[in-house]
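Residue numbering for the sequence shown follows the numbering used here, beginning at 269 and increasing consecutively.
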Amino acid sequence: MRSPDDDRQSVLSVAAFQALLDKGLPQMVELQAVVDDMRFGYCQMRLPANERFVRPGGTVSGPTMFALADASLWGAVLSAIGPVELAVTTNLNLNFLRKPELARDLVAETRLIKLGKRLAYGESFLYSDGLDEPVAHATGTYSIPPAETSAAK
Numbered sequence: 269m270r271s272p273d274d275d276r277q278s279v280l281s282v283a284a285f286q287a288l289l290d291k292g293l294p295q296m297v298e299l300q301a302v303v304d305d306m307r308f309g310y311c312q313m314r315l316p317a318n319e320r321f322v323r324p325g326g327t328v329s330g331p332t333m334f335a336l337a338d339a340s341l342w343g344a345v346l347s348a349i350g351p352v353e354l355a356v357t358t359n360l361n362l363n364f365l366r367k368p369e370l371a372r373d374l375v376a377e378t379r380l381i382k383l384g385k386r387l388a389y390g391e392s393f394l395y396s397d398g399l400d401e402p403v404a405h406a407t408g409t410y411s412i413p414p415a416e417t418s419a420a421k
């Protein structure tokens, strides 16, 4: 993917999403997840290289890559709809393409493909930082809760 298709500004700043991520998904704090960039429908995040992510066979564990892809997709969704904390994953598929470089950060570049009123669908490519070939590809769907109406208040 390497560059977002849409240069519109994110409706949520990098700092605001990082704070929301740190508060709402404390496991991402433990993983030391960093939000690098956000634009409308796009989020780039990274996990610094860490020996705690290594599984037998000398590769980054699947749950670690899954967590990064899911959090980055949440960021892409919120970059388009704002800080809707209850937007939740309804499906996420992850295909492992090659072994990540353990000494390099793991980077997720995620974009929305379709944004509707109740569902958002996107894809995430995971890379070893600085390398061109993705190590994994994820696709996922998020459910967007209905907007509050004035009658519900």
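Glycine included, each C-beta is placed from N, C-alpha and C at the ideal position. Predicted, not measured: the structure shown is a model, and the values here were computed from it.
Out of the options, state which residue places its alpha-carbon closest to the alpha-carbon of residue i.
i: residue 302; options: 404, 294, 313, 293; result: 313
i: residue 395; options: 292, 284, 405; result: 405
i: residue 415; options: 378, 352, 375; result: 352
i: residue 336; options: 276, 398, 289; result: 289
i: residue 286; options: 276, 300, 358, 329; result: 300
i: residue 366; options: 327, 298, 316; result: 327
i: residue 294; options: 413, 350, 392, 339; result: 339
Any idea if residue i is buried or exposed, counting beta-carbon neighbours within 10 angstroms, 16 or more meaning buried?
i: residue 344; result: buried
i: residue 307; result: buried
i: residue 283; result: exposed
i: residue 377; result: buried
i: residue 332; result: buried
Where does residue i sit, in a helix, a strand or coil, going by DSSP?
i: residue 340; result: helix
i: residue 420; result: For residue 420, the predicted model reports a pLDDT of 46, less than 50, meaning its position is unreliable and no value from the coordinates is stated.
i: residue 270; result: Here residue 270 scores only 47 on pLDDT, less than 50, and its place in the model should not be relied on; the value that follows carries that caveat. Residue 270: coil per DSSP, three-state reduction.
i: residue 319; result: helix
i: residue 330; result: helix
i: residue 387; result: strand
i: residue 279; result: coil
If I follow the unbroken alpha helix (DSSP H) through residue i, where does it start and stop?
i: residue 287; result: 282-292
Looking at the secondary structure, which residues open and close the beta strand (DSSP E) in which residue i lies?
i: residue 403; result: 402-411
i: residue 360; result: 356-364
i: residue 377; result: 374-383
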